[in-house]
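Residues 0 to 340 in numbering that gives the first Met the number 0 are what the sequence shown spells out, letter by letter.
All residues carry an ideal CB built from backbone N, CA and C; glycine is no exception.
Each remark here refers to the structure printed beneath this line.
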Amino acid sequence: MNHIRVGIVGLGRLGKIHATNIARNIPGATLQAACSIVEAELEFARNELGVEETYQTFEEMVDSPNVDAVCIVSPSGFHPEQIQLAMEKGLHVFCEKPIGLEIEDIEKTIEVIDNHPDQVFQLGFMRRYDESYQYAKKLVDDGELGELTVIRCYGIDPSSGLESFVKFAGASNSGGLFADMSIHDIDLVRWFSKKEVSRVWAMGKNAAYPELDQVNELETGAAMMQLEDQTMAILVAGRNAAHGYHVETELIGTKGMIRIAAVPEKNLVSVFNENGAVRPTSQNFPERFQQAFQNEMKEFISCIREKRQPEVSAYDGLQSTIVAKACQQSVDTKGLIEIES
Ligand code: NAI
């Protein structure tokens with residue numbers, strides 16, 4: 000079978016990673032086209048990755064007769080319209096999280112996806128493709144923990160990124176802390192428990208950068224949730240981890256508990272020096288999830304070649320955004336939010 004020819008939109012922080020993977024690390028895929036509004040990024044695609052076709056608009060790229068699939072890594076607000084357009088052009092679609100920022104847009108997008116069942120759609124919940132999360136999932140599914148009672152998740156970005164986040168927060172709508180960051184944890188809660196969230200109570204505090212108040216963003220947020228079977232979930236999301244990139248998950252069940260990355264270790268090295276015994280930590284998402292980003296893209300290409308749909312669906316995108324928005328609503332109204340099933 001010929002290579003799947005992929006066109007990518009967005010060559011920013013994450014787009015460059017996906018583009019490089021598709022060009023170099025994903026068997027059966029070719030990075031055929033790239034689209035960005037930044038000319039220097041298109042030059043990078045041409046010069047560093049050998050991309051033949053570069054475009055300034057997504058509309059032009061999806062009109063190329065040489066593109067079979069698109070990888071959408073543009074700012075989150077563009078996702079629904081770009082998914083719909085690509086689907087209507089007959090292309091397979093990989094889209095970064097969140098699937099969208101507004102429920103109405105997402106529901107319309109799902110309708111379009113459902114109308115094209117022979118085209119693959121995959122959402123970028125890459126943690127499901129991380130080796131440690133897959134190992135933990137198997138333990139949970141095999142009943143090693145018994146019945147789940149509590150899931151605790153931390154998703155905290157490094158403080159090194161906070162200053163630039165503060166600078167650009169006004170310019171690009173991330174959807175807020177819960178839609179931007181906790182969405183991964185919300186997906187993990189649903190994935191591990193196989194249950195939906197019934198009610199949430201969330202709050203937040205801006206301490207290191209109070210100016211985030213002005214752009215309506217949170218530096219640290221916390222949410223408590225009850226799932227439909229009364230399992231509890233506790234989420235902490237933030238943008239100010241002094242030691243690096245902290246993604247940690249704990250699952251407590253009737254027969255035991257597990258922790259994934261309780262210390263977000265960079266590797267197996269310990270450094271012994273004047274600071275004591277030091278375990279270096281992951282510094283950012285590209286480092287921590289490097290393999291997961293490749294695994295999810297391999298799965299996308301395999302699904303196209305094998306004519307099947309991946310495990311992560313547009314419905315998972317809808318449900319996680321519903322919960323993330325409920326968290327934001329809870330912060331805004333200072334109240335408990337019930338989520339309709
Ligand atoms: P970024 O701001 O670094 O890059 C955005 C890119 O989109 C730039 O190349 C920009 O030129 C391009 N762009 C903006 N408007 C455009 C338009 N109208 N047409 C074509 N291109 C346009 O953003 P970043 O951090 O790379 O995030 C992109 C997406 O990836 C977001 O949806 C974000 O939520 C998601 N993301 C997911 C992560 C994960 O852990 N799975 C991690 C980081 C981001």
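* **Between the CA atoms of glutamate 130 and glutamate 38 - distance to the nearest angstrom** => Here the question's residue 38 lines up with position 39 in the sequence shown. Here the question's residue 130 lines up with position 131 in the sequence shown. Each residue's alpha carbon lies about 36 Å from the other.
* Asked: Count the other CB atoms within 10 Å of the CB of serine 181; is the residue buried (16 or more) or exposed (fewer)?
  -> Here residue 181 is taken as the residue at index 182 of the sequence shown, counted from 1. When all chains shown are included, serine 181 counts as buried.
* Name the one or two DSSP bridge partners that glutamate 264 has. => Taking the first residue of the sequence shown as 1, we reach residue 264 at position 265. Answer by DSSP bridge pairing, in chain order: Thr280.
* Using 8 Å as the threshold, is the stretch 146-161 in touch with the stretch 230-237, meaning 3 or more CB pairs across them? -> yes
* To do: Measure how close the beta-carbons of serine 73 and leucine 100 come, nearest whole angstrom, since I'm counting them as under 8 Å.
  => In the sequence shown, residue 73 corresponds to position 74, counting from 1. In the sequence shown, residue 100 corresponds to position 101, counting from 1. Not really, about 12 Å apart at Cβ, beyond 8 Å.
* Entirely enclosed alpha helix (DSSP H) segments - the stretch 163-205, minimum 4 residues -> 182-192
* Residues near leucine 217 in its chain [Cβ-Cβ closer than 6 Å; skip 5 each side] -> The sequence position of residue 217 within the sequence shown is 218, counting from 1. Excluding residues within five positions, the ones whose Cβ falls inside 6 Å are Leu176 and Gly203.
* If we count the other Cβ atoms within 10 Å of its Cβ and call it buried at 16 or more, is lysine 166 buried or exposed? -> Residue numbering aside, residue 166 sits at position 167 when the sequence shown is read from its first letter. Exposed, by the Cβ-count rule.
* Given 8 Å as the limit, is there contact between the stretch 75-91 and the stretch 18-29, that is, 3 or more CB pairs closer than that? -> no
* To do: Specify the secondary structure class of histidine 115 as computed by DSSP and reduced to three states.
  => As a position in the sequence shown, residue 115 is number 116, starting the count at 1. Histidine 115: coil per DSSP, three-state reduction.
* Under 6 Å Cβ to Cβ from leucine 90, same chain only, skipping five residues before and after it: list those, please. => Your numbering for residue 90 matches position 91 in the sequence shown. For leucine 90, where only same-chain residues beyond five positions count, the Cβ hits under 6 Å are Ala68 and Val69.
* Asked: Under the rule that 16 or more other beta-carbon atoms within 10 Å means buried, what is proline 116, buried or exposed?
  -> Your numbering for residue 116 matches position 117 in the sequence shown. The residue in question, proline 116, is exposed, as its Cβ has fewer than 16 Cβ neighbours within 10 Å.
* Shortest alpha-carbon distance to valine 311 belongs to which of Asp331, Asp228 and Phe120? -> Translated into positions along the sequence shown, residue 311 becomes position 312. Answer by Cα proximity: Phe120.
* To do: Quickly, what does DSSP pair tyrosine 153 with across the bridge? List them, please.
  => Taking the sequence shown and counting its residues from 1, one reaches residue 153 at position 154. Looking at the DSSP assignment, tyrosine 153 forms a beta bridge with Val235 and Glu247.
* **Nonlocal neighbours in the same chain, by C-beta distance under 7 Å from glycine 27, ignoring five residues either side** => Along the sequence shown, one-based indexing puts residue 27 at 28. Only His2, Ile3, Ile300 and Arg304 meet the Cβ criterion.
* To do: Determine the burial state of alanine 261: buried for a count of at least 16 other Cβ atoms within 10 Å of its Cβ, exposed for fewer.
  => By 1-based counting over the sequence shown, the position of residue 261 is 262. With fewer than 16 other Cβ atoms within 10 Å, it is exposed.
* Looking at the structure shown, is arginine 12 part of a helix, part of a strand, or coil, going by DSSP? -> Taking the first residue of the sequence shown as 1, we reach residue 12 at position 13. It is coil, neither helix nor strand.
* Are there 16 or more other CB atoms within 10 angstroms of the CB of arginine 307, so buried, or fewer, so exposed? -> Along the sequence shown, read from residue 1 onward, the residue named residue 307 stands at position 308. Exposed: under 16 other Cβ atoms inside 10 Å.
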